[in-house]
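Residue 1 is where the sequence shown starts when you use UniProt numbering, and the numbers rise one by one after that.
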Amino acid sequence: MGEPEIMTVSRSWEVHLLGGWEIFQDRRPVRVTYRQQRLIAVLALYGSQPRSFLAGMLWPNSSEKQATGSLRESIWLVSHQLPGLLVEGRDPLALDPNVVIDVHIVRRQAEALQTNHGPQDELERVEMLETLRNAELLSGWYEDWITAEQERWQQLRVKALERLAAQFLVHGETGLAVEAAACAIGVDPLRESAERLLLEAYLSEGNIAQALRSYEAFRARLRDEFGVEPSSRLAELMAPLQRPRNPAFRSAGHRNGP
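What follows is the structure in structure tokens.
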């Protein structure tokens with residue numbers, strides 16, 4: 001008779017940092033305290049790190065001894081409450097390489113967009129738009145280490161939305177191009193490249209009135225924030241829509257009027 005088969009329990013972990021914190025074990029949500037959330041989030045964003053780095057980042061206002069003790073306690077809790085999430089070993093510390101992290105997935109998709117290897121059909125483009133629409137990084141977290149990451153993430157997100165809007169335009173999907181460009185403006189209301197894509201989308205679908213309204217709103221935002229006008233390139237795009245269509249006729253009408 002052969003050796004008895006040893007049964008193993010497979011644990012599949014997923015960490016979600018976009019649109020709010022969540023962690024799943026075998027697709028079931030798991031409750032985790034905020035202290036453990038912070039440690040897991042740092043490892044998800046920064047990858048494998050020395051314990052000294054983690055202690056200083058997560059407890060910057062504590063003494064080295066206190067920060068080290070707080071980190072040690074958090075590691076112990078994560079190791080015992082969430083078995084298999086961390087790599088076995090002392091230093092450096094890392095999440096298991098099989099952990100699925102939504103930030104990594106969306107980053108790879110965004111990078112593919114920048115190299116023209118993004119979604120190839122409309123359904124995939126729409127799915128990515130929906131992902132990017134709500135992809136705020138750890139919304140409601142305000143510590144110094146995360147605000148810097150949030151700023152970098154917003155830049156990546158807005159560039160991906162712009163690239164997606166451009167792809168929608170290339171494929172004649174003007175309504176979706178409007179949505180993607182508007183989402184980019186929602187992330188960065190003063191970004192002229194996103195405004196240009198929005199105007200091009202409106203003009204492509206023949207929505208001249210909305211293009212003019214959007215342009216004037218953008219001009220107002222720039223004046224209020226910086227006291228400047230849009231670039232000449234953007235102004236040239238809108239100039240034909242702002243000139244009288246028949247100046248001679250308008251002039252004649254003015255002379256012959258009451």
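Where is the CB? At the ideal position from N, CA and C, for every residue including glycine.
What you are looking at is a predicted structure, and each value in this text was computed from that prediction instead of being measured.
Status (buried if at least 16 other CB within 10 Å, exposed otherwise) for residue i
{"i": "K65", "result": "exposed"}
{"i": "A217", "result": "exposed"}
{"i": "I105", "result": "exposed"}
{"i": "I6", "result": "Residue confidence is low: I6 scores 36 on pLDDT, short of 50, so the model does not pin down where it sits. No coordinate-derived value is stated."}
{"i": "L123", "result": "exposed"}
{"i": "E173", "result": "buried"}
Beta-carbon gap between residue i and residue j smaller than 8 Å
{"i": "D188", "j": "V158", "result": "yes"}
{"i": "L95", "j": "V87", "result": "yes"}
{"i": "L71", "j": "L54", "result": "yes"}
{"i": "A194", "j": "A211", "result": "no"}
{"i": "L156", "j": "R107", "result": "yes"}
{"i": "W21", "j": "Q36", "result": "no"}
{"i": "E229", "j": "R219", "result": "yes"}
Own chain partners of residue i with C-beta closer than 6 Å, once the 5 adjacent residues on each side are dropped
{"i": "S12", "result": "D26"}
{"i": "E14", "result": "F24, V100"}
{"i": "S48", "result": "P92, A94"}
Start and end residues, alpha helix (DSSP H) containing residue i
{"i": "Q114", "result": "102 to 114"}
{"i": "E73", "result": "64 to 81"}
{"i": "A211", "result": "208 to 226"}
{"i": "L161", "result": "144 to 170"}
{"i": "V42", "result": "34 to 46"}
{"i": "Q242", "result": "232 to 242"}
{"i": "L54", "result": "51 to 58"}
{"i": "E192", "result": "192 to 204"}
Other residues of its chain near residue i: CB distance less than 7 Å, five sequence neighbours each side excluded
{"i": "L113", "result": "A160, R163, L164"}
{"i": "T68", "result": "A55"}
N- and C-terminal bounds of the beta strand (DSSP E) containing residue i
{"i": "W13", "result": "13 to 16"}
{"i": "Q25", "result": "22 to 25"}
Proximal residues to residue i (C-beta, below 8 Å), its chain only, five neighbours per side dropped
{"i": "G19", "result": "N134, A135, E136, S139"}
{"i": "P50", "result": "D91, P92, L93"}
- prompt: Taking three-plus beta-carbon pairs below 8 Å as touching, is the segment 97 to 104 in contact with the segment 55 to 64?
  reply: no
query: Using 8 Å as the Cβ pair cut-off and three pairs as the minimum, do the segment 175 to 183 and the segment 195 to 210 touch?
result: yes
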